[in-house]
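J.: Please read through the structure below; I'll follow up with questions.
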Amino acid sequence: VPFSPGKMAMPQLITTLVATGICAFVVIGRAERSGILRNGVRAVMGRVRGGRCRGMFGRGAILRAMKQRLVSSRAQSASDVTLVPCLSDNYAYIIHNPKSGLTAVVDPSEAAPVKNALESRGLSLDYILNTHHHWDHVGGNEELKKDYGAQIVGPAEDKARIPGIDLALADGEVWDMKGEEVRVIHTPGHTSGHCSFYLPNSGAVFTGDTLFSLGCGRLFEGTPAQMHSSLAKISSLPESTLVFCGHEYTQSNAKFALAVDPSNPHLKARCEEIDRLRSGKQATIPTTIGLELKTNPFLRANDGAVQKGVGIGDESGKSEVEVFAAIRSKKDTF
7 VPFSPGKMAM PQLITTLVAT GICAFVVIGR AERSGILRNG VRAVMGRVRG
57 GRCRGMFGRG AILRAMKQRL VSSRAQSASD VTLVPCLSDN YAYIIHNPKS
107 GLTAVVDPSE AAPVKNALES RGLSLDYILN THHHWDHVGG NEELKKDYGA
157 QIVGPAEDKA RIPGIDLALA DGEVWDMKGE EVRVIHTPGH TSGHCSFYLP
207 NSGAVFTGDT LFSLGCGRLF EGTPAQMHSS LAKISSLPES TLVFCGHEYT
257 QSNAKFALAV DPSNPHLKAR CEEIDRLRSG KQATIPTTIG LELKTNPFLR
307 ANDGAVQKGV GIGDESGKSE VEVFAAIRSK KDTF
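Counted the way our numbering counts, the sequence shown spans residues 7 to 340.
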């Protein structure tokens with residue numbers, strides 16, 4: 007029986023599979039247990055368990071059909087991200103999903119630029135996400151909450167210092183933000199309670215002051231080991247992931263990166279592009295995980311060229327954390 011899974015809602019797809027006999031107990035059961043297609047599975051599970059359908063085709067065909075529709079569904083659910091310059095070099099980010107109507111802002115240091123950006127697009131505001139408590143990331147919280155009735159969401163480890171917080175999320179939690187999956191990553195180092203927000207369906211991570219374009223945050227409350235671990239968590243995300251950080255520091259970071267990694271061809275090419283963008287007063291954000299892995303010295307503590315650039319020889323026997331600490335110390339006085 008011909009059907010087009012790409013044009014069906016999930017429950018409709020599964021119902022069609024059941025009605026045409028294209029189903030298998032193992033596939034439906036596995037999907038239900040893993041949470042994939044849960045609503046659609048529940049809608050027809052009684053019919054399947056009642057034994058009124060039998061597998062006519064292999065489970066591979068069913069899995070392929072389900073995977074095709076799942077990929078299509080995820081692509082349709084991706085949100086767009088708008089940069090909102092704030093203060094002198096901060097960025098807030100408006101996340102909007104045109105399908106669900108979701109609108110959120112990440113790290114609003116001040117309310118006025120965010121309100122202007124929302125009004126220019128005719129948007130309201132559902133959520134305010136804070137990566138950490140510093141005033142230049144939370145300064146607009148209370149005014150935006152008052153004006154839009156938005157919920158404020160932040161790291162559980164920092165909840166006592168996030169003004170107006172309504173929802174505190176812990177490391178590893180997966181939160182459904184009006185249909186947008188948000189994974190919380192505890193990323194201490196800059197502050198003890200810092201977190202990053204990863205949106206897998208949109209291929210984006212909001213790193214606050216942990217990972218910068220070509221840099222990382224200063225260690226105000228954490229240790230080199232903590233920051234090194236936090237950066238490792240972020241850099242383990244897919245290389246295509248877009249990185250939205252808290253500040254436009256890229257050009258100054260590039261000068262330091264070149265000083266410690268002068269022979270890196272990827273870095274040289276990137277620095278030329280950065281200079282071109284900044285000469286036109288354009289943003290250098292977002293970057294990507296893949297680009298940072300090739301060019302950011304703070305993610306390259308295991309690279310001999312970077313080690314040499316901070317005065318550490320091949321035979322030093324220093325750990326990656328010790329090399330990272332040396333890079334951070336050198337940048338602090340650069």
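Heads up, the beta-carbon is just placed ideally off N, CA and C, and yes, glycines get one too.
Fair warning: this is a prediction, and the values are worked out from it, not measured in the lab.
1) From the DSSP output, which residues share a beta bridge with Met233?
2) Are the stretch 297 to 317 and the stretch 202 to 211 touching by the rule of at least three beta carbon pairs closer than 8 Å?
3) Enumerate in chain order the residues of its own chain whose CB-to-CB distance from Asp338 is below 8 Å, with the five nearest sequence positions on each side excluded.
4) Give a yes or no on whether the C-beta atoms belonging to Thr301 and Arg284 are separated by under 8 Å.
5) Of all the beta strand (DSSP E) runs that stay within the bounds of the stretch 213 to 287, which reach a length of 3 or more residues?
6) To which residues of the same chain is Leu173 closer than 7 Å at the C-beta, ignoring the five residues directly before and after it?
7) For Val180, is the classification buried or exposed, using 16 other Cβ atoms within 10 angstroms of its Cβ as the cut-off for buried?
8) Under 8 Å between the Cβ atoms of Leu150 and Pro114?
9) Exposed or buried, which one is Arg127 when buried takes at least 16 other CB atoms within 10 Å?
10) Per the DSSP calculation, Asp86 is bridged to which residue(s)?
11) By the 10 Å Cβ neighbour count, where 16 or more other Cβ atoms means buried, how is Phe304 classified, buried or exposed?
12) Is Tyr97 near Glu254, with beta carbons less than 8 Å apart?
13) I think Val190 touches Asp177, with their Cβ atoms under 8 Å apart; what is that distance to the nearest whole Å?
14) Give the DSSP-derived three-state secondary structure of Arg334 in the structure shown.
15) Whose C-beta lies closer than 8 Å to the C-beta of Val266 among residues of the same chain, with five residues either side of it excluded?
16) Go through its chain and collect everything with a Cβ distance to Gln257's Cβ below 8 Å, but skip five positions before and after it.
17) Is it right to say Asp86 is buried, meaning 16 or more other beta carbons lie within 10 angstroms of its own, or is it exposed?
18) Which residues in the same chain as Phe218 place their Cβ atom closer than 7 Å to its Cβ, once the five residues preceding and following it in sequence are excluded?
19) Within 10 Å of its beta-carbon, does Leu299 have 16 or more other beta-carbons around it, so buried, or fewer, so exposed?
20) Sort Pro271, Gly319, Ala117, Lys165 by Cα distance to Val90 and report the nearest one.
21) Can you tell me whether Leu93 is helix, strand or coil according to DSSP?
22) Residues in the same chain with beta-carbon distance under 7 Å from Leu93, minus the five sequence neighbours each way, listed in chain order, please.
23) Give the C-beta separation of Leu243 and Ile318 to the nearest angstrom, bearing in mind that I take them to be a contact with Cβ-Cβ under 8 Å.
24) Assuming Phe340 contacts Phe262 under a Cβ cut-off of 8 Å, what Cβ separation, rounded to an integer in Å, is found between them?
25) Find out if the Cβ-Cβ distance for the pair His234, Thr216 is shorter than 8 Å.
T.: This is what the structure gives:
1) Residue 233 sits at position 227 when you count from the first residue of the sequence shown. BP columns for Met233 are empty, so no partner.
2) no
3) For the purposes of this step, residue 338 is taken as the residue at position 332 of the sequence shown. Only Arg224 meet the Cβ criterion.
4) Translated into the one-based positions of the sequence shown, residue 301 becomes position 295. Translated into the one-based positions of the sequence shown, residue 284 becomes position 278. Their beta carbons are not under 8 Å apart, which means Thr301 does not touch Arg284 by this criterion.
5) 248 to 251
6) Locating residue 173 in the sequence shown gives position 167, where the first residue counts as 1. Gln157, Val159, listed in sequence order.
7) The residue labelled residue 180 in the question sits at position 174 within the sequence shown. When all chains shown are included, Val180 counts as exposed.
8) As a first step, residue 150 must be located in the sequence shown, where it is residue number 144. As a first step, residue 114 must be located in the sequence shown, where it is residue number 108. Contact: yes.
9) Along the sequence shown, one-based indexing puts residue 127 at 121. When all chains shown are included, Arg127 counts as exposed.
10) By one-based count along the sequence shown, residue 86 stands at place 80. Per DSSP, His102.
11) On the sequence shown, position 298 is the one that residue 304 refers to. Phe304 should be labelled buried.
12) Along the sequence shown, one-based indexing puts residue 97 at 91. Along the sequence shown, one-based indexing puts residue 254 at 248. Yes, the Cβ-Cβ distance between Tyr97 and Glu254 is below 8 Å.
13) For the purposes of this step, residue 190 is taken as the residue at position 184 of the sequence shown. For the purposes of this step, residue 177 is taken as the residue at position 171 of the sequence shown. Contact holds; Cβ gap of about 6 Å.
14) The residue given as residue 334 occupies position 328 in the sequence shown. Correct three-state label for Arg334: helix.
15) The sequence position of residue 266 within the sequence shown is 260, counting from 1. Same-chain partners within the cutoff: Pro303, Val312, Gly315, Val316, Ile333, Lys336.
16) Position 251 of the sequence shown, counted from the start, is the residue given in the question as residue 257. Closer than 8 Å at Cβ, skipping near neighbours: Ile280, Asp281, Arg284, Thr290.
17) Within the sequence shown, the letter at position 80 stands for residue 86. It is exposed - the Cβ of Asp86 has fewer than 16 other Cβ atoms within 10 Å.
18) Within the sequence shown, the letter at position 212 stands for residue 218. Once the five neighbours on either side are set aside, the close Cβ partners of Phe218 are Cys251, His253, Tyr255, Asn259.
19) Residue 299 sits at position 293 when you count from the first residue of the sequence shown. So Leu299 ends up on the exposed side.
20) Along the sequence shown, one-based indexing puts residue 90 at 84. For Val90, the nearest C-alpha among the options comes from Ala117.
21) In the sequence shown, the residue the question calls residue 93 occupies position 87. The answer is coil: DSSP assigns Leu93 none of H, G, I, E or B.
22) In the sequence shown, counting from the first residue as 1, residue 93 sits at position 87. Ser115, Glu116, Asp142.
23) On the sequence shown, position 237 is the one that residue 243 refers to. On the sequence shown, position 312 is the one that residue 318 refers to. Contact flag wrong, Cβ pair sits at about 28 Å.
24) What you label residue 340 is simply residue 334 of the sequence shown in a count that begins at 1. What you label residue 262 is simply residue 256 of the sequence shown in a count that begins at 1. At roughly 5 Å, the Cβ-Cβ gap stays under 8 Å, so Phe340 and Phe262 are in contact.
25) On the sequence shown, position 228 is the one that residue 234 refers to. On the sequence shown, position 210 is the one that residue 216 refers to. The answer is no: Cβ separation not under 8 Å.
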